[in-house]
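Note sheet for the following structure.
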Amino acid sequence: MPYAPHAIEAKWQEYWSTRKTFRAEVDTSKPKFYVLDMFPYPSSDGLHVGHPKGYVATDAIARYKRMCGVNVLHPMGWDAFGLPAEQHAMRTGQHPRDTTQRNVAQFKRQLRALGLSYDWDRELDTTDPGYVRWTQWIFCKLHEQGLAYEAEVPVNWCPELGTVLANEEVRDGKSDIGGHPVVRLPLKQWMLRITAYAERLLEDLDELDWPEHIKKMQRDWIGRSEGARVLFPVIDHADESIEVFTTRPDTLFGATYMVLAPEHPLVDKVTTPARRDAVKAYLEQTSRKSERVRIVEASAKTGVFTGAYATNPVNDAEIPIWIADYVLISYGTGAIMAVPGHDQRDYEFAKTFGLPIVEVVAGGDISREAFTGEGVNVNSEYLNGLSMPAAKRRMIEQLEADGSGGGAVSYKLRDWLFSRQRYWGEPFPVLHLEDGTTKLVPESDLPVELPELADYKPGSDFQPPLARVASWIETRDPDTGQSARRDPNTMPQWAGSCWYYLRFCDPRNTEAAWSPEAERYWMPVDLYVGGAEHAVLHLLYARFWHKVLYDLGLVSTKEPFQKLLNPGMIQARSYRYFVADGGDGSTTNGRFYASDQVRYDGETPVHRATGEGLRECWVPPDEVRWKDGQPLAPDEETVLEEVTEKMSKSRGNVVNPDDVVAEYGADAMRLYEMFIGPLRKAAPWSTDGIPGVFRFLQRAYRLIVEEVDAEDRARELPPGEGTVAQQRLLARTIDKVTSDLGKLDLNTAISALMVFVRDIEKDGPVPQGVAAAFARLLAPFAPHLAEELWERLGHAESLAYASWPEADPALLVDEEIEIAVQVQGKLRARIHVPAEADEALVREVALNDANVRRHVGDREPRRVIYVPGRLLNLVL
RNA sequence: GCCCAGGUGGCGGAAUUGGUAGACGCGCUAGGUUCAGGACCUAGUUCUCGCAAGGGAGUGCUGGUUCGAUUCCAGUCCUGGGCACCA
Numbered sequence: 001m002p003y004a005p006h007a008i009e010a011k012w013q014e015y016w017s018t019r020k021t022f023r024a025e026v027d028t029s030k031p032k033f034y035v036l037d038m039f040p041y042p043s044s045d046g047l048h049v050g051h052p053k054g055y056v057a058t059d060a061i062a063r064y065k066r067m068c069g070v071n072v073l074h075p076m077g078w079d080a081f082g083l084p085a086e087q088h089a090m091r092t093g094q095h096p097r098d099t100t101q102r103n104v105a106q107f108k109r110q111l112r113a114l115g116l117s118y119d120w121d122r123e124l125d126t127t128d129p130g131y132v133r134w135t136q137w138i139f140c141k142l143h144e145q146g147l148a149y150e151a152e153v154p155v156n157w158c159p160e161l162g163t164v165l166a167n168e169e170v171r172d173g174k175s176d177i178g179g180h181p182v183v184r185l186p187l188k189q190w191m192l193r194i195t196a197y198a199e200r201l202l203e204d205l206d207e208l209d210w211p212e213h214i215k216k217m218q219r220d221w222i223g224r225s226e227g228a229r230v231l232f233p234v235i236d237h238a239d240e241s242i243e244v245f246t247t248r249p250d251t252l253f254g255a256t257y258m259v260l261a262p263e264h265p266l267v268d269k270v271t272t273p274a275r276r277d278a279v280k281a282y283l284e285q286t287s288r289k290s291e292r293v294r295i296v297e298a299s300a301k302t303g304v305f306t307g308a309y310a311t312n313p314v315n316d317a318e319i320p321i322w323i324a325d326y327v328l329i330s331y332g333t334g335a336i337m338a339v340p341g342h343d344q345r346d347y348e349f350a351k352t353f354g355l356p357i358v359e360v361v362a363g364g365d366i367s368r369e370a371f372t373g374e375g376v377n378v379n380s381e382y383l384n385g386l387s388m389p390a391a392k393r394r395m396i397e398q399l400e401a402d403g404s405g406g407g408a409v410s411y412k413l414r415d416w417l418f419s420r421q422r423y424w425g426e427p428f429p430v431l432h433l434e435d436g437t438t439k440l441v442p443e444s445d446l447p448v449e450l451p452e453l454a455d456y457k458p459g460s461d462f463q464p465p466l467a468r469v470a471s472w473i474e475t476r477d478p479d480t481g482q483s484a485r486r487d488p489n490t491m492p493q494w495a496g497s498c499w500y501y502l503r504f505c506d507p508r509n510t511e512a513a514w515s516p517e518a519e520r521y522w523m524p525v526d527l528y529v530g531g532a533e534h535a536v537l538h539l540l541y542a543r544f545w546h547k548v549l550y551d552l553g554l555v556s557t558k559e560p561f562q563k564l565l566n567p568g569m570i571q572a573r574s575y576r577y578f579v580a581d582g583g584d585g586s587t588t589n590g591r592f593y594a595s596d597q598v599r600y601d602g603e604t605p606v607h608r609a610t611g612e613g614l615r616e617c618w619v620p621p622d623e624v625r626w627k628d629g630q631p632l633a634p635d636e637e638t639v640l641e642e643v644t645e646k647m648s649k650s651r652g653n654v655v656n657p658d659d660v661v662a663e664y665g666a667d668a669m670r671l672y673e674m675f676i677g678p679l680r681k682a683a684p685w686s687t688d689g690i691p692g693v694f695r696f697l698q699r700a701y702r703l704i705v706e707e708v709d710a711e712d713r714a715r716e717l718p719p720g721e722g723t724v725a726q727q728r729l730l731a732r733t734i735d736k737v738t739s740d741l742g743k744l745d746l747n748t749a750i751s752a753l754m755v756f757v758r759d760i761e762k763d764g765p766v767p768q769g770v771a772a773a774f775a776r777l778l779a780p781f782a783p784h785l786a787e788e789l790w791e792r793l794g795h796a797e798s799l800a801y802a803s804w805p806e807a808d809p810a811l812l813v814d815e816e817i818e819i820a821v822q823v824q825g826k827l828r829a830r831i832h833v834p835a836e837a838d839e840a841l842v843r844e845v846a847l848n849d850a851n852v853r854r855h856v857g858d859r860e861p862r863r864v865i866y867v868p869g870r871l872l873n874l875v876l
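For the first sequence, this note's numbering begins at 1 and goes up steadily by one.
Structure representation (structure tokens):
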């Protein structure tokens, strides 16, 4: 009976599960390896083939490391708080817990079907009260350290989602999830003081083995810049100064006006009575503008004069104080000194409002534009003649001497907005007391659990649903008995994922979040694999929490994730055409348009010729009609545009791993995911490639098993190690697979295994020793078949801990080698010489080659380049 | 606009301390096997000229360095991703 993956896979999954083959225990006598996947949010859609790419890769590494005698921690769990379950609850009234549990069961079934070697005894779920307890406990630690505080801050409110969002969750004025509009408004919220760790979050990136572009994204997000802070006294307000941050203290003599952000606290104080109405009008106008509009209108500068003046501390010049929305309250001090000669934004503003522009750095033409490059200072008294770095240093010294400022560092990173107006998240373990103070819930009372709810809809006036549950909100302080209110907000989804990797070290501990012994043994995570979309969200937040825990002596490493790898997305092809948009999903004229007739006006497609609004339509890949190699739209005329992008329901191109497993088995699915291309690179899924890896598995099976009947049986393989050629092929395969595993080049490792299977029987059947080594090499990639072959070869125990084969170095050296012979840099022959041949011999053999002789003729080579063992180039 | 990554056959990809471009797989072609096959086996498959031996071109494009460039350098185009008034 031919290779039948389903029976084999079911058998070994059952075996691993009942024997707990992959259970991990602390064993200080062995080296450890902690290999972790970013745990998934269990959505109701289940897995698609994109998810397992990283999981299959880490599984191969985990299996390989175990066979190398390393103690491997390889856990999986669920990041199970989250918005979709709550939205589902709003629609159906179903408790998010029930939805979540159903989804988890689905995900787990799908993962198990792939034969991933997780230690399922360590499975965790962030919504489990036994987990929430410790998430809240860590929040308490943060609070005790003064790193959690409540503040009235301008927040990103998303009306559609009914909650606020962190800065990192907003892109282009829209929510990261769903793309809903976001508005700015002031609200009292929980904040985490991540800015206190900005410097260390930046510095410690250096020691991490992470992709450079991810480190760069974090560096850019933290956005450190060096400069100076300068105090500008406000005229007629003896006790007030405007503090600004600047990266260009060398241009201070060119500061001709100041600008406050509209939200700046001094706005009200300094505005003169005559200007009050104008200022008020401007503030109203800007507060109505959404962040998005402000970005779109970035080039058009608006502002209003306050009527007040400040003194430039370096030359006592009186300069006007303006208000403008191009200055952001959330960066630096919310106020700037404007140097229109040397800053493009200030230049545009000065031009718009007719403010003076002074050149203080020579080298540009400030009648045309701001000069932001380096040059020598002019019109700057004691800075004249200095270059930029020297002028900066000199200015900072002067400011310090005068007491009007000094060197300073500023960061773009802002404090982390940590509360959400949702139900399905961790409640804050705090009590708001009658007297207006806030205290933490005692550790012994944790976790604070969510109450049951009849209705999950968000409240009005930015109130979370929990605010409506009086029986839960209203409570008493257990210490003083005074009445107290619980906090109606919950933590963002990031909270649970900030420390799950620590809980995995000791997941069933009821006395502590983790034991120091387990943490010291398993941490740090040696290999962390997951999507690049978390570059500045999860990965920054988790590093922050980890550093706080480190400072408290609760963890032993400065950083949580030593090596990071981002698997490229698995994409899908989809096919697009356009129809006239009649709104409400209808078309107005029934015509089809191909992509070359369409241009984009912002995000809306319009017809090139008529400017008519169009709508995108998609044909699922398996419904496309092909004619003469061209994909056609349903009108059988319009040529479809092929687009490669991530899988999505709306495109109808999502592939479910269940279907692949059902048809070809888990091993073929795993193999294909790895064989499709380099792990780090995105690649389009194509069902056509799977039969190729399936055939490879069939051949591997037949190598060792005779397909005689329903049972089949192992071939009677000759004993021993086989011919020299077979031994060499095996040695080369071991060498290649081993080194590729080390580099995570799993696609080329599989290729080496394919070559082995193709060639090993060329001069006789596989000998037993060679077959046994092959089964072990196959194990990280196709573990079910590998176990089956191992068993058929007569082994009673699983090969999960069998020793990894080693290549005999002597067999890796060939007796005869091929040398490329070039004449004038062009390849003219390939010659074979003994491996130990010297240059003279190679040259002699080369010159005897007929084709080489033809090209050399009777000329004497002017120069001969010999690369030992590889190439000989004759230059005439 | 700025920053980062990447452009190699019909397709996914392999090969970079500069040294035989196209491993492996898909697809395709031919042959074998089979009652038959969308199964299996063998051979071939970058393009192009040639009966062949062999020649020419070729790693987005244009130049440069070199005996030799997919690899290094300069410029340029395209694709994907990130950031976007951060003073």
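Virtual Cβ for every residue (Gly too), placed ideally from N, Cα, C.
Helix, strand or coil at Gly-373 [DSSP, three-state]: Walking along the first sequence from the start, residue 373 turns up at place 373. Coil.
Cut-off 6 Å between Cβ atoms - residues of its own chain near Pro-621, not counting five sequence neighbours on either side: Within the first sequence, residue 621 is the residue found at index 621, counting from 1. For Pro-621, where only same-chain residues beyond five positions count, the Cβ hits under 6 Å are Arg-573 and Asn-653.
Inter-stretch contact at 8 Å, needing at least 3 Cβ pairs: the stretch 335–348 / the stretch 251–267: Touching, yes.
Nonlocal neighbours in the same chain, by C-beta distance under 7 Å from Trp-137, ignoring five residues either side: Numbered from 1 along the first sequence, position 137 holds the residue referred to as residue 137. Only Glu-443, Leu-446 and Ala-513 meet the Cβ criterion.
Three-pair Cβ contact test at 8 Å for the stretch 663–670 versus the stretch 2–14: Judged by Cβ distances under 8 Å, the stretch 663–670 makes contact with the stretch 2–14, as three or more pairs qualify.
Glu-374 versus Val-361: straight-line alpha-carbon distance, rounded: The residue you call residue 374 lines up with position 374 of the first sequence. The residue you call residue 361 lines up with position 361 of the first sequence. Distance between the alpha carbons of Glu-374 and Val-361 is about 8 Å.
Classification of Pro-96 by the beta-carbon crowding that lies within 10 angstroms, buried from 16 upward: Start at 1 with the first residue of the first sequence, and residue 96 comes out as number 96. Classified as buried, Pro-96 has 16 or more neighbouring CB atoms from the shown chains inside 10 Å of its CB.
Span of the beta strand (DSSP E), counted from its first residue to its last, around Cys-158: Against the first sequence, residue 158 aligns to sequence position 158. Note, Cys-158: beta strand (DSSP E), 148–158.
Chain-order list of residues whose beta-carbon lies under 6 Å from that of Asp-461 (same chain, five-residue window excluded): As a first step, residue 461 is located in the first sequence; it is residue number 461 there, counting from the start. Same-chain partners within the cutoff: there are none.
Separation of Arg-576 from Val-643, as counted between CA atoms: As a first step, residue 643 must be located in the first sequence, where it is residue number 643. As a first step, residue 576 must be located in the first sequence, where it is residue number 576. Here the alpha carbons of Arg-576 and Val-643 stand approximately 7 Å from one another.
Cα-Cα separation between Arg-122 and Thr-135, rounded to whole angstroms: Indexing the first sequence from 1 puts residue 122 at position 122. Indexing the first sequence from 1 puts residue 135 at position 135. Between the C-alpha atoms of Arg-122 and Thr-135 there is a straight-line separation of about 17 Å.
Alpha-carbon spacing of Ile-329 relative to Arg-393, whole angstroms: Translated into positions along the first sequence, residue 329 becomes position 329. Translated into positions along the first sequence, residue 393 becomes position 393. Answer to the nearest angstrom: the Cα atoms are 27 Å apart.
7 Å CB neighbourhood of His-795 in its chain, flanking five on each side removed: Taking the first residue of the first sequence as position 1, residue 795 is located at position 795. Closer than 7 Å at the Cβ level, and outside the excluded window around His-795, lies no residue.
Short Cβ contact (7 Å threshold) for Phe-418 with Leu-192: What you label residue 418 is simply residue 418 of the first sequence in a count that begins at 1. What you label residue 192 is simply residue 192 of the first sequence in a count that begins at 1. Yes; because the gap between Cβ atoms is below 7 Å, this pair is in contact.
Contacts around Ala-900, its chain only, beta-carbon distance under 6 Å, and the 5 residues preceding and following it disregarded: What is shown of the chain runs 1 to 876, which leaves residue 900 out entirely.
Contacts around Gly-869, its chain only, beta-carbon distance under 8 Å, and the 5 residues preceding and following it disregarded: Here residue 869 refers to the residue found at position 869 when the first sequence is read from its first residue. Around Gly-869: Ile-817, Ile-819 and Ala-835.
Same chain only: Cβ atoms within 6 Å of Asp-487, ignoring 5 sequence neighbours per side: For the purposes of this step, residue 487 is taken as the residue at position 487 of the first sequence. For Asp-487, where only same-chain residues beyond five positions count, the Cβ hits under 6 Å are Phe-428 and Val-430.
Residue range of the unbroken alpha helix (DSSP H) whose run includes His-546: Position 546 of the first sequence, counted from the start, is the residue given in the question as residue 546. First-last of the alpha helix (DSSP H) with His-546: 538–551.
beta-carbon Gly-553 near the ligand MN non-hydrogen atom, thresh 6 Å: Of the ligands one can find in the structure shown there are none, so the ligand MN has no counterpart to examine.
4-residue-minimum alpha helix (DSSP H) runs that sit fully inside the stretch 87–169, ordered along the chain: Runs of the alpha helix (DSSP H) inside the stretch 87–169: 96–113 and 129–144.
Exposure of Tyr-801, with buried meaning 16 or more beta-carbon neighbours within 10 Å: Along the first sequence, read from residue 1 onward, the residue named residue 801 stands at position 801. Under this definition Tyr-801 is an exposed residue.
Contact under 7 Å by Cβ, Arg-859 with Leu-876: By 1-based counting over the first sequence, the position of residue 859 is 859. By 1-based counting over the first sequence, the position of residue 876 is 876. Going by C-beta atoms, Arg-859 is nearer than 7 Å to Leu-876.
Local conformation of Ala-594 per DSSP, three classes: Taking the first residue of the first sequence as position 1, residue 594 is located at position 594. In this structure, Ala-594 counts as coil in the three-state DSSP scheme.
Counterpart residues of Glu-818 in DSSP-defined beta bridges: Taking the first residue of the first sequence as position 1, residue 818 is located at position 818. His-832.
Residue span of the beta strand (DSSP E) that contains Gly-405, given as start and end: For the purposes of this step, residue 405 is identified with residue 405 of the first sequence, where counting begins at 1. Run containing Gly-405: 405–410, per the beta strand (DSSP E) assignment.
Beta-ladder partner(s) of Leu-192, from DSSP: The residue you call residue 192 lines up with position 192 of the first sequence. The partner list for Leu-192 (beta bridge, DSSP) reads Ala-148 and Trp-416.
Three CB pairs or more closer than 8 Å across the stretch 97–105 and the stretch 79–86: Contact check between the stretch 97–105 and the stretch 79–86: three or more CB pairs, one atom from each, fall below 8 Å, which counts as touching.
Cβ-based burial, Glu-152 [other Cβ within 10 Å; buried from 16]: Taking the first sequence and counting its residues from 1, the one referred to as residue 152 is at position 152. Glu-152 counts as exposed, since fewer than 16 other beta carbons sit within 10 angstroms of its beta carbon.
Three or more C-beta pairs below 8 Å linking the stretch 797–816 and the stretch 720–732: Put simply, the stretch 797–816 touches the stretch 720–732. At least three CB pairs are less than 8 Å apart.
Residue from Phe-781, Leu-440 and Asp-316 whose Cα sits closest to the Cα of Asp-479: To locate residue 479, count along the first sequence from 1; it is residue 479. Here the closest residue by C-alpha is Leu-440.
Distance between Gly-54 and Val-579 (C-alpha atoms, nearest Å): Looking up residue 579 in the first sequence gives position 579. Looking up residue 54 in the first sequence gives position 54. Roughly 38 Å separates the two Cα atoms.
Leu-185 in three-state terms, based on DSSP: One-based indexing of the first sequence puts residue 185 at position 185. Secondary structure of Leu-185 (DSSP, three-state): strand.
In DSSP terms, what Met-38 is bridged to: Within the first sequence, the letter at position 38 stands for residue 38. DSSP, once it has assigned bridges, lists no residue as partnering Met-38.
Residues that DSSP places opposite Glu-707 in a beta bridge: The count along the first sequence starts at 1 and reaches residue 707 at position 707. Per DSSP, none; premise fails for Glu-707.
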